[in-house]
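Heads up, the thing below is written out as structure tokens.
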Amino acid sequence: MTQPLFLVGARGCGKTTVGQALARTLGYEFVDTDSFLLTSTGKSVAEIVAEEGWPGFRARESEALQQVTAPATVVATGGGMVLAESNRQFMQENGIAIWLHAPAQILASRLSASPEEGQRPTLTGKGVTDEIVDVLAAREGLYRQVAHHIVDATRTPDAVVEAILIALQMARAS
Ligand SMILES: Nc1ncnc2c1ncn2[C@@H]1O[C@H](COP(=O)(O)OP(=O)(O)O)[C@@H](O)[C@H]1O
Ligand SMILES: O=C(O)C1=C[C@@H](OP(=O)(O)O)[C@@H](O)[C@H](O)C1
Ligand SMILES: [Mg+2]
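If you count by full-length UniProt numbering, then the sequence shown holds residues 1 to 174, one letter each, in order.
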């Protein structure tokens, strides 16, 4: 099985961190749509949003999704990738989508410890905790809708990788 694996979920759920470890374990390529945009445009998310607004960024990340998708590749998406129906359909039809699920409190604590403001400019103008509550309320249904598998992302990155492998029935005896 070498279908692309798409990691979806809110900011801070660990798509980038877990995605790298998952790709290493499987011997897959790893690509992160935000890093891809940083390399291809030379601009951070905050810079793209300042110049083109969120609609400009959303159009670029949708293009990036299509460009980076390839066999035997783990794709860490940005938290808002699921907002576009076309992106949800693309992920459902072209690979396996895995939702890294974690409650707002855990996401807020991770994001407060590592805000990375250049890559995570504010979405609502609110503080981290209030914003993540609002964002989850708006998006959880979309993550659920697109996901082939839902994995508990509150554990260590290695444990999350293991849970993904089990969900995919790719766990190896070791
Ligand atoms: N399973 C985990 N347990 C503890 N901390 C984590 C976990 N996954 C990610 N983190 C930390 O949370 C922050 C956000 O992780 P990241 O992988 O960038 O999330 P995302 O790409 O989903 O926004 C980073 O500081 C990362 O080290
Ligand atoms: O939730 C969002 O709308 C976003 C999440 C970010 O990615 P991470 O989920 O990897 O932090 C990044 O794509 C951008 O700041 C928008
Ligand atoms: Mg990320």
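Note that the Cβ used here is the ideal one computed from N, Cα and C, for glycine as well. Remember, it's a predicted structure, so these values are computed and weren't measured experimentally.
Whole-angstrom distance between residue j and residue i, CA atom to CA atom
i    : j    : result
V128 : R120 : 10 angstroms
I106 : V133 : 11 angstroms
I166 : G80  : 26 angstroms
A50  : V74  : 29 angstroms
L26  : L168 : 12 angstroms
Q3   : G118 : 31 angstroms
T41  : R155 : 34 angstroms
E140 : A64  : 22 angstroms
A70  : S62  : 15 angstroms
A59  : A84  : 9 angstroms
T122 : V82  : 18 angstroms
S109 : A72  : 32 angstroms
Where residue i sits in the DSSP three-state scheme
i    : result
L123 : coil
L142 : helix
A147 : coil
L168 : coil
From the options, residue whose alpha carbon lies closest to that of residue i
i    : options         : result
S114 : T16, V135, V8   : T16
T39  : V160, M91, V68  : V68
G53  : V135, T124, N87 : T124
N87  : G19, S109, L142 : L142
G101 : E93, A163, R24  : Gly is not the amino acid found at residue 101; the sequence shown has His there. Closest option to H101, Cα to Cα, is A163.
(Q) Beta-carbon distances below 7 angstroms to any heavy atom of ligand 3 define the shell here; list its residues in chain order, please. (A) That query returns the following residues: K15, T16, D32, D34, A76, G78.
Q: Could I get the ranges of all uninterrupted alpha helix (DSSP H) runs contained in the region 88–123, with 4 residues as the minimum, in chain order?
A: 104–113
Q: Scan the region 20–89 and note each continuous beta strand (DSSP E) run of 3 residues or more that stays entirely inside, going in chain order.
A: 29–32, 73–76
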